Structure formats: C-alpha cells, structure tokens
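A short worksheet on the structure shown next.
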Amino acid sequence: MSPPPGPEASAAAGRARSQGEAEPRRSAGRKPNGGRAAGPQPGAGSEPPPRVLIVGAGFAGLAALRALRRAPVEILVVDRNNHHTFLPLLYQVATSGLSAQDISQPVRRILRRAPRARFRLADVVGVDLDERVVITAEGDRIAYDVLVLAAGSVTSFFGNAGAARHALGLRDLEDALRLRNRVLDALERAEAAPAGEREKLLGFVLVGGGPTGVELAGALAEMRRHVVGRDFHGLAQDMRVVLVEGRDRLLPGFPAPLCERALAQVQSLGVEVRLGSLVDAVDPDGVSLAGGERIPARTVVWAAGVKGAPVGAPAGALEARSGRIRVTPALHLPGRDDVYAVGDLALVEGAEHLPQMAPVAQQQGRHAAHNVLRRLRGEPALPFAYRRRPAMATIGRNRAVGDVFGVRLSGRIAWWAWLAAHIWFLAGFRNRAVVFVNWAYNWLTYDRGLRAMIGPGARGHP
Ligand SMILES: Cc1cc2nc3c(=O)[nH]c(=O)nc-3n(C[C@H](O)[C@H](O)[C@H](O)COP(=O)(O)OP(=O)(O)OC[C@H]3O[C@@H](n4cnc5c(N)ncnc54)[C@H](O)[C@@H]3O)c2cc1C
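Under the working numbering, the first residue of the sequence shown is numbered 571, with each subsequent residue one higher.
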C-alpha cells in the first residue's frame, strides 16, 4: 500500500493555489507518492490539506462527497455537466411525464453544504498516474492527491453498427429529450403519412428487458392509451410497442416469480414482448430479429447494455468487454491506493456480479471516501461489502414489482412503494415537490402534458 500524500503534494497544491490558480499544474516527473513515508496528519500546521478529486457528480461521486465534506481535505468535483441527474426517472422525461429540470439539480447548489468543496465543469479524457493529474478535453491538467473516478457508464451497442447509428440510448438528459422529441415527432407525422410510412412511424421497439426497457414500454403503452387515444386521430389502435429481450424473462435481476408478474403486467398494457430474441440488425426503417421477424419502426431504443464511461484510464486498468475499471476489493487500482473507481465505472475484484445500480454506486462512493480517510491516517484500506437494498421497477399506472429484503411486492402496493421511494431519493426539496405535484396531476388526469418539442432532436435541432 502506498503511503498518504505528504508535504510535497500538498505544498505543491498550496503554492499554486496561493498564486491564484484553481487547479494547479503539478511539476513533471514527480513519482507516485514522491517516495514519501506516511506524512503528518492532513491539515496540520500551515500545510494545505490534500486534494481529493472526484470525477463525476452522479450517485457514487456525490456519496463520496458527502462522506468527505467534514474531513480535513480539499475536495474538487469535476463533471462534464453542471448538474446531477436522477437517472432512474429519465424514462419519465422521455415520455413527457416530467421535465428535465425536475430530475436534475445544479452541482454547485449541492456543494453549498460542503464548504471545502469546489466544482469544475470539464470533460475528463485522461489520467496520468505518475504525474497525478487528470487531463481535460480542453487540455488542462488538474492535480490531485487522491483521485475518485465515478464517471458512470454509457450505452454499449456491442459492436452492432446499425444499432449505434439508428437506435437511441437513454443514459442522460439529452438522450431523454432526444427520445421524447422522436416519439412526439413520429406521432405528429403519422397522422398525415401514407400507409407504409405510418406503420413505421407508429412502431416503437425497446431492446432490453431490464428496468429501463420495461419502464419505457409501460410508459409508452400508457401514452398510447391515454394521450394518443385522446389527442391524435385514429393512431392509437395502430401504434405498436414491442419489447425485445435476449433472455427468457424480463427483469433478469429480480426473483423469478416477480419476472413473471412483470411480464403479465406489461402484456396487460398491450406491449408485445419477444423473449429469447436477439436483435440482428437495426436500420432506419426498423429492426430485424435473429429469428427472422421484421418489426417496422422509426423509434428504436437500445437499453440492452452499458460500458464504463471513457475517462482515459490506463488501458491495463480496463476490463476489455465492459470498459470498466478493475479495482481491488478495497475499490482502488491494484497497487495504487491513491486512485479509486466506484459505481457503474468500477469492476470490483470478487464482486463482479454486483449490478450497475444506484445503491451499489452510493455505497461504493461512501466506502471509497472512508478508505481515503483511512489512507490519510496511515491505516489500511478495508474491503467493500454490499448491503442489499430493495429493487423495484414500475410498469405503469398501479403496476410495479419490488423485492424488498425478500418480501415480494407487485401491483398497486409495489407501485405506491416505488413512487414513495423515488420521491424520497430525489435530490432537492424543489424537485421532490414538483415531481409529487406532476405525478398527482398525471394520475388524476391520465395526461402527460410536457409535450413541447424543444431541445435535442426537435425539428431542425441537431
Ligand atoms: C434510464 C436508467 C434507469 C435506471 N434505473 C435505475 C433504477 O430504477 N434503480 C437503480 O438502482 N438504478 C437505476 N439505474 C442505474 C443507476 O442510475 C446507475 O447505476 C447509477 O447512476 C450509477 O451511478 P454512478 O455515480 O456510477 O454514475 P452516474 O450516476 O451515471 O454519474 C456519472 C457522472 O459522471 C459524469 N461524467 C461522465 N463522464 C465524465 C467525464 N469524462 N468527465 C467528467 N464527468 C463525467 C456524468 O456527467 C455523471 O454526472 C438506471 C440507469 C438509467 C440510465
């Protein structure tokens, strides 16, 4: 294990900061840890505190931030977006149930509760382990004493070029707005389109039967029933929502009886489900399944896989297929306890089976922060152990499934539990209040009113 950052690192940061630089450039050639022995207690005397650099203000990064906010360290959070996004509700933005602002929160606002923390808007594209700097897309080099990589994941098309070109992913707010505009645009055009074109415009294919695919399928089916049926003439009966899953059940991470209930609930909404079906090709006119079936569709959503977000981590640290950073059970790079990777981006030795889900990310972010503090005290890092949390997925109005510590819920009770949990875990009082009001309104009126076509993918917009 390498010792904690000592006087040299902190003094270098302090010098540059006293010259007015926010993120100092470190002198070249400094070796990891500088060959130093365990240094004095962080923040002792006039020594500036060590800098913990957190890349990513998602679930894992913010959990790390919270665990460190009272510690004697300087924290710098770097994110390519100026906001944190509550990803589990992206599908609601994509289906006109909530607005983008309702499920996001400015990072700087979150940092108000962490006076030692600063934020920098930047896209990290490289990490220099020897120099202890991260490199941004603009070419800036930002120094750290300890690095926590929490950049999440991106859509993986598994090398399917047609899917990469023609299908939409759903990983961030831009994706959600693009999908919302695609859906609305297809409906607008379909009313006046000739028969063949209309069939294509009214085909919606969701690839991947995990929570994202299931939730989107349910929401689109409800839109067909309550919005398309009322506001568009003669389209509802021709609109198809098809959910394609390669395995033999939906929600593969859930207990088998809940998978069956989810399947029944989704089918009761009129979603066509293809289990054990692999997508062979995606083109602008639709999807071809490996079994030979052809589904005409202009809107194809790829919710079948993710890979680690590219942050320019050293190639040797990456697991080839998933693009995730391999870390030890203590969540740091092998032999480098000054660099942690957590959340969706991390592949933890001995815990490779852990799902890429918010509770795992939060617990890992917190755990990495505690290990950072242990390191600064000269204590050994401890291995991460996941504490199981409830897993839930909603399928539509009054329909959901949940595995709450072994208690299996489905239908209305699971749906209420899902609503309560999502409002509770949303960041910020405003968002909770607005989401609550929006959902109450949607529930009472059966409506989805946020249908202005603006932003990414809207007409004339790239
Ligand atoms: C549509 C959808 C639905 C989901 N539903 C559920 C659910 O119901 N329940 C559940 O538990 N989990 C769900 N998940 C998974 C869950 O959201 C993730 O597991 C969780 O967000 C991972 O947290 P993270 O901190 O690792 O990454 P994220 O929360 O993705 O945060 C990563 C952060 O890093 C930033 N970033 C990325 N690359 C860079 C870079 N190069 N430079 C700087 N910043 C960068 C991003 O802007 C982002 O802010 C869902 C995910 C999606 C996409």
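Virtual Cβ for every residue (Gly too), placed ideally from N, Cα, C. Quantities reported herein were computed from a predicted structural model and do not represent experimental measurements.
- Asn-1001 counts as buried, since at least 16 other C-beta atoms from the protein chains shown sit within 10 angstroms of its C-beta.
- When the alpha-carbon of Ala-874 is set against those of Gly-816, Gly-862, Val-677, the nearest one is in Gly-816.
- A distance criterion of 7 Å places the beta-carbon of Asn-730 beyond contact range of ligand 1, judged by its closest non-hydrogen atom.
- If you compare the alpha carbons of Asp-745, Asp-907, Arg-688 with that of Val-663, the shortest gap goes to Asp-745.
- Distances between the C-beta of Arg-741 and the heavy atoms of ligand 1 include at least one below 7 Å.
- Every unbroken stretch of the alpha helix (DSSP H) spanning 4 or more residues and falling wholly within the segment 923-965 is given here in chain order: 928-946.
- By the Cβ neighbour-count rule, Thr-655 is buried, with 16 or more other Cβ atoms within 10 Å of its own.
- Straight through space, the alpha carbons of Pro-929 and Gln-837 are spaced by roughly 29 Å.
- Of the heavy atoms belonging to ligand 1, at least one sits nearer than 7 Å to the Cβ of Leu-915.
- As the crow flies, the alpha-carbon of Arg-819 is around 21 Å from that of Asn-968.
- Membership of Leu-771 in the alpha helix (DSSP H) is indicated by the continuous run 765-771.
- Secondary structure within the segment 809-841: the beta strand (DSSP E) runs of 3 or more consecutive residues, fully enclosed, are 810-814 (chain order).
- Put simply, of Ala-916, Gly-935, Gly-1027, Glu-785 the residue whose alpha carbon is nearest the alpha carbon of Met-962 is Glu-785.
- Taking 3 residues as the minimum length, the beta strand (DSSP E) runs contained wholly in the segment 954-1026 are 961-966, 969-974, 977-980, in order along the chain.
- Ranked by how close their Cα comes to the Cα of Ile-673, the residues Ile-865, Leu-660, Ala-955 have Leu-660 in first place.
- Just measuring C-alpha positions, the residue of Val-1007, Pro-1026, Asp-710, Val-852 sitting nearest Leu-668 is Val-1007.
- By the C-beta density criterion, Tyr-910 is buried, having at least 16 other C-beta atoms within 10 angstroms.
- Distance from the Cα of Asp-853 is smallest, within the candidate group Leu-805, Arg-735, Val-694, for Arg-735.
- Residue environment: Ile-645 is assigned as buried (16 or more neighbouring CB atoms within 10 Å of its CB, all protein chains considered).
- By DSSP's assignment, Val-677 forms no beta bridge with any residue.
- Gly-628 places its beta carbon 8 Å or farther from that of Gly-882.
- When beta bridges are read from the DSSP output, Arg-711 appears opposite Ile-705.
- Not one heavy atom of ligand 1 sits closer than 7 Å to the Cβ of Asn-968.
- Ranking Gly-856, Asp-855, Ser-858, Gln-807 by CA distance to the CA of Leu-839 puts Gln-807 first.
- In the DSSP assignment, Val-753 falls outside any beta strand (DSSP E) and within the unbroken alpha helix (DSSP H) covering 743-760.
- For Thr-782, the uninterrupted alpha helix (DSSP H) segment begins and ends at 781-793.
- For Thr-665, DSSP records no beta bridge to any residue.
- Of the residues Ala-720, Ala-991, Arg-810, Thr-782, the one whose Cα lies closest to the Cα of Arg-794 is Arg-810.
- Around the C-beta of Leu-1014, fewer than 16 other C-beta atoms lie within 10 Å, and the residue is accordingly described as exposed.
- In this structure, Asn-751 has its CB at a distance of at least 7 Å from all heavy atoms of ligand 1.
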